[in-house]
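Protein sequence lines, in the order shown, are assigned to chains L and G.
The first sequence runs 1 to 301 under the numbering used here.
The second sequence runs 302 to 533 under the numbering used here.
To start, the structure itself, in structure tokens.
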Amino acid sequence: MCGIVGFFAKDNQEAEVGRTIISMLRALGCRGPDSAGVALFGLPNDDRFVVRVKLGEGRDLESRTQRIASCLEMLPGCSHVSTNASYARFLTNGETDLLRVTSAVEAFDKDFEVVSAGHRLEIIKQTGSPDNLETTYRVSQFKGTHGLGHTRLSTESRVDLSHSQPFWSHGFPDLAIVHNGHITNYHQLRRVYEQRGVRFYTENDSEVIAIYLAEQLRQGASLQEALHRMLRDLDGSYSCLAATERQLGFVKDAFALKPLVMTETDDFVAVATEEIAIRAALPGLYSVREAQVREVRVWQK
Amino acid sequence: MAEIACGARPTKDINAEIWRLIAAGDREIVVKQPGARHNLGVGLLEPVRIRFAGSVGYFCAGLIDGPRIDIDESAGWGLAESMMSGEVVVHGSAGNGAAAAIRGGTVVIHGDAAARLGVSMKGGTVLVAGNCGYMAGFMGQRGTLVVCGNAGDAFADSLYETICFVGGSIEGLGTDAVVEEPSQEDSTWLDSTLAQYLPGFSRRGNEFKKVVAGRKLWNFDKREWTVWQEAL
Numbered sequence: 001m002c003g004i005v006g007f008f009a010k011d012n013q014e015a016e017v018g019r020t021i022i023s024m025l026r027a028l029g030c031r032g033p034d035s036a037g038v039a040l041f042g043l044p045n046d047d048r049f050v051v052r053v054k055l056g057e058g059r060d061l062e063s064r065t066q067r068i069a070s071c072l073e074m075l076p077g078c079s080h081v082s083t084n085a086s087y088a089r090f091l092t093n094g095e096t097d098l099l100r101v102t103s104a105v106e107a108f109d110k111d112f113e114v115v116s117a118g119h120r121l122e123i124i125k126q127t128g129s130p131d132n133l134e135t136t137y138r139v140s141q142f143k144g145t146h147g148l149g150h151t152r153l154s155t156e157s158r159v160d161l162s163h164s165q166p167f168w169s170h171g172f173p174d175l176a177i178v179h180n181g182h183i184t185n186y187h188q189l190r191r192v193y194e195q196r197g198v199r200f201y202t203e204n205d206s207e208v209i210a211i212y213l214a215e216q217l218r219q220g221a222s223l224q225e226a227l228h229r230m231l232r233d234l235d236g237s238y239s240c241l242a243a244t245e246r247q248l249g250f251v252k253d254a255f256a257l258k259p260l261v262m263t264e265t266d267d268f269v270a271v272a273t274e275e276i277a278i279r280a281a282l283p284g285l286y287s288v289r290e291a292q293v294r295e296v297r298v299w300q301k
Numbered sequence: 302m303a304e305i306a307c308g309a310r311p312t313k314d315i316n317a318e319i320w321r322l323i324a325a326g327d328r329e330i331v332v333k334q335p336g337a338r339h340n341l342g343v344g345l346l347e348p349v350r351i352r353f354a355g356s357v358g359y360f361c362a363g364l365i366d367g368p369r370i371d372i373d374e375s376a377g378w379g380l381a382e383s384m385m386s387g388e389v390v391v392h393g394s395a396g397n398g399a400a401a402a403i404r405g406g407t408v409v410i411h412g413d414a415a416a417r418l419g420v421s422m423k424g425g426t427v428l429v430a431g432n433c434g435y436m437a438g439f440m441g442q443r444g445t446l447v448v449c450g451n452a453g454d455a456f457a458d459s460l461y462e463t464i465c466f467v468g469g470s471i472e473g474l475g476t477d478a479v480v481e482e483p484s485q486e487d488s489t490w491l492d493s494t495l496a497q498y499l500p501g502f503s504r505r506g507n508e509f510k511k512v513v514a515g516r517k518l519w520n521f522d523k524r525e526w527t528v529w530q531e532a533l
């Protein structure tokens with residue numbers, strides 16, 4: 001199970017991305033009661049990166065909230081610090097290496113984890129339903145250009161905030177994925193990446209997709225090429241959506257075992273596990289079709 | 302003609318109302334704003350006409366015996382699964398596993414069909430005006446599968462006695478699938494069936510490719526071990 005959704009506004013710079021993604025997710029809530037999350041692309045922050053940090057789970061959230069504010073004061077180029085529930089958010093200026101930002105933040109406290117960073121990407125996720133996510137973070141207020149969403153039914157790893165989706169590709173700005181399925185050669189791939197010094201934050205097999213795509217993009221592949229290479233290098237059954245600062249793409253596995261439907265109009269592209277999500281969020285006349293086996297599509301601004 | 306407005310009503314209510322209207326003698330029902338809900342119109346056993354004025358979700362018109370069901374937009378997974386008789390017409394596209402294991406009746410898809418169309422058919426007719434995806438016709442036992450456009454990879458894999466026709470190209474044949482010339486009888490049947498269900502379609506029956514079982518997998522023979530190695 002699991003439900004994935006993606007929305008891409010073709011021209012509108014201030015589309016109701018948050019509202020659309022959350023109402024798509026609500027329609028797929030029954031596919032994934034364990035957790036819900038979104039990756040939203042807002043307006044550009046010129047050269048600055050927007051960084052979102054998980055403060056930790058469970059008790060003493062309040063003391064950690066106070067702690068991060070004083071910690072971030074020590075971080076050069078850090079501004080606009082705000083906190084909300086389990087997250088802190090800030091902008092950083094002058095730093096180009098996101099891995100350096102990530103390790104500086106995470107060095108303050110072992111529970112701190114950078115869940116997203118980029119010029120426009122913001123990931124918000126937590127355990128529970130899409131309704132809970134909306135109540136806590138008012139996701140529907142978010143305006144922007146495109147976004148991803150995920151409702152999770154955990155089958156292979158634990159249920160907590162870090163194991164929820166979307167996943168940011170640690171260190172690569174603005175790259176996020178959501179995934180429905182299983183990557184059956186996950187352990188082999190993980191071993192290879194760990195030998196190269198890549199840190200894995202979770203035991204969720206979806207995390208390796210983000211790391212894999214980042215590696216392909218670093219090597220100069222386009223998102224289209226990277227998603228095609230996934231069909232060669234990642235085994236299992238999967239429907240996967242990936243988004244960068246200006247793109248939304250999907251890939252469907254070689255056995256067509258996981259659902260994924262899509263529609264495209266003059267104004268928007270919507271992709272979802274089930275059509276019910278698209279119809280619930282987007283009124284109007286358009287036709288929806290299931291993606292074919294091994295199909296890869298990328299839309300770009 | 303009776304109408305049901307789905308609005309925010311739960312699927313159970315909508316299906317119960319369909320059953321109630323049929324029991325009260327209604328023979329034509331329009332279901333408005335189905336909103337791609339799952340499990341609509343399953344197990345209907347009367348020769349009624351039902352129109353879903355929009356998209357339906359998974360398993361629509363499964364296990365039916367007799368009705369004519371029209372879907373104005375697209376259908377999700379498992380459309381008309383295991384139907385016994387009747388007609389199901391989708392004016393948009395269909396998701397994975399459409400017309401799987403049908404025993405009779407006719408399924409018409411005006412758009413494209415996704416993966417595993419008409420797998421394990423035991424009778425009936427499936428007509429697709431557009432293209433079909435991966436693994437269509439897998440292990441078909443009886444009945445006829447017609448794809449007017451192009452067929453995807455692994456087409457007609459491990460067939461028994463289902464007969465397949467393809468108007469366009471075939472991306473890849475499945476194990477033991479064999480292409481034949483359609484007979485005069487086949488082409489007459491195709492012409493009349495297409496005229497009945499897809500009257501706008503211009504290609505003639507004799508332009509179709511016919512795909513049947515090569516019968517190499519019907520009985521195990523140790524001397525043909527290489528055939529089995531490929532199949533498995």
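The C-beta atom is built at its ideal place from N, Cα and C for all residues, glycine as well.
### Where the alpha helix (DSSP H) containing Asp492(G) begins and where it ends
Gln485 to Tyr498
### Message
I'd like to know whether the C-beta of Asn397(G) is nearer than 8 Å to at least one C-beta of chain L.
### Response
yes
### Query
DSSP on Lys54(L), reduced to helix/strand/coil?
strand
### Task
Determine the extent of the beta strand (DSSP E) in which Gly147(L) is found, giving its start and end residues.
His146 to Arg152
### Query
How many Å lie between Val38(L) and Thr20(L) at the Cα?
11 Å
### Task
Tell me, to the nearest whole angstrom, how far the beta carbon of Gly412(G) is from that of Arg229(L); I am working on the premise that it is less than 8 Å.
With a Cβ gap of about 30 Å, Gly412(G) and Arg229(L) do not count as contacting.
### From Thr426(G), Met440(G), Gln497(G) and Leu495(G), residue whose alpha carbon lies closest to that of Gly515(G)
Met440(G)
### Query
Alpha carbon to alpha carbon, what distance is there between Phe7(L) and Val17(L)?
7 Å
### Message
For Phe142(L) and Asp314(G), what's the separation of their Cα atoms in angstroms?
### Response
35 Å
### Task
Name, going along the chain, the residues of the region 347–363 of chain G whose beta-carbon falls closer than 8 Å to a beta-carbon of chain L.
Within the region 347–363 of chain G, the qualifying residues are Gly355, Ser356, Gly358 and Tyr359.
### Query
Which partner residues of Glu481(G) appear in the DSSP bridge assignment?
Lys511(G)
### Query
What do you reckon, are the CB atoms on Leu380(G) and Thr407(G) nearer than 8 Å?
No; because the gap between Cβ atoms is not below 8 Å, this pair is not in contact.
### Query
If you scan the region 58–82 of chain L from start to end, which runs of the alpha helix (DSSP H) of 4 or more residues do you find wholly inside it?
61–73
### Query
Which residues in chain L sit within 9 Å of Trp519(G), going by Cβ to Cβ distance?
By Cβ distance, chain L contributes nothing, its closest Cβ being about 25 Å from Trp519(G), past 9 Å.
### Task
Can you have a look at Pro283(L) and say buried or exposed, based on whether 16 or more other CB atoms are within 10 angstroms of its CB?
exposed
### Query
Mind checking whether Leu446(G) and Gly434(G) have CB atoms under 8 Å apart?
Remark: C-beta atoms of Leu446(G) and Gly434(G) do not approach each other more closely than 8 Å.
### Query
If you check the beta carbons only, do Gly473(G) and Asp454(G) fall under 8 Å apart?
yes
### Task
Assign Thr127(L) to buried or exposed, taking buried as 16 or more other Cβ atoms, counted over all protein chains shown, within 10 Å of its Cβ.
So Thr127(L) counts as buried.
### For Ser129(L), the nearest candidate out of Ala36(L), Asp47(L) and Val269(L) (CA to CA)
Ala36(L)
### Task
Taking Ser564(G) as the query, report the chain L residues whose CB atoms sit under 8 Å from its CB, ordered along the chain.
Residue 564(G) falls outside the range modelled here, since chain G spans only 302 to 533, and no answer is possible.
### Message
I want to see whether chain G comes within less than 8 Å of Glu360(L), judged by CB atoms only; does it?
### Response
Nothing in the structure corresponds to residue 360(L), since chain L is present only between 1 and 301.
### Message
Among Met1(L), Gly236(L) and Ala85(L), whose alpha-carbon lies nearest the alpha-carbon of Ser63(L)?
### Response
Cα-wise, what sits closest to Ser63(L) is Ala85(L).
#### Entry: Cβ contact (3+ pairs, closer than 8 Å) linking the region 167–174 of chain L and the region 220–229 of chain L
Too few Cβ pairs lie closer than 8 Å, so no.
### Query
For the 8 Å Cβ check, are there 3 or more pairs between the region 213–225 of chain L and the region 41–52 of chain L?
no
### Asp336(L) versus Glu73(L): straight-line alpha-carbon distance, rounded
Residue numbering for chain L in the displayed model covers 1 to 301; residue 336(L) lies beyond these limits and cannot be assessed.
### Query
If the cut is a Cβ gap below 9 Å, which residues of chain L does Ser503(G) touch?
Near Ser503(G) there are no residues of chain L at all, since even the closest Cβ is about 22 Å away, more than 9 Å.
### Task
Rank Asp327(G), Val512(G) and Asp371(G) by C-alpha distance to the C-alpha of Glu481(G) and give the top, closest one.
Val512(G)
### Proximity of Leu499(G) and Cys465(G) at Cβ, strictly below 8 Å
no
### Query
In chain order, what residues of the same chain lie with their CB nearer than 6 Å to the CB of Asn185(L), ignoring the 5 residues before and after it?
Asp235
#### Entry: Nearest-angstrom Cα separation, counted from His119(L) out to Ile365(G)
54 Å
### Task
Determine the closest residue to Glu374(G) out of Trp299(L), Arg279(L), Asp160(L) and Arg297(L), with distance taken between C-alpha atoms.
Arg279(L)
#### Entry: Closer than 8 Å to chain G by CB, Pro283(L)
no
#### Entry: alpha helix (DSSP H) segment containing His534(G), residue limits
Residue 534(G) is absent from the structure shown; chain G starts at 302 and stops at 533.
### Query
the region 439–465 of chain G: which residues have C-beta closer than 8 Å to a C-beta of chain L, in chain order?
Gly453 and Asp454
### Query
For the putative contact between Asp116(L) and Ala176(L), defined by C-beta atoms under 8 Å, what is the C-beta separation to the nearest angstrom?
First, the residue type needs correcting, since residue 116(L) is Ser and not Asp in the sequence shown. The pair is a contact, with the Cβ atoms about 7 Å apart (cut-off 8 Å).
### Query
Quick one: does Val293(L) have its CB under 8 Å from some CB of chain G?
With 8 Å as the cut-off, Val293(L) counts as an interface residue toward chain G.
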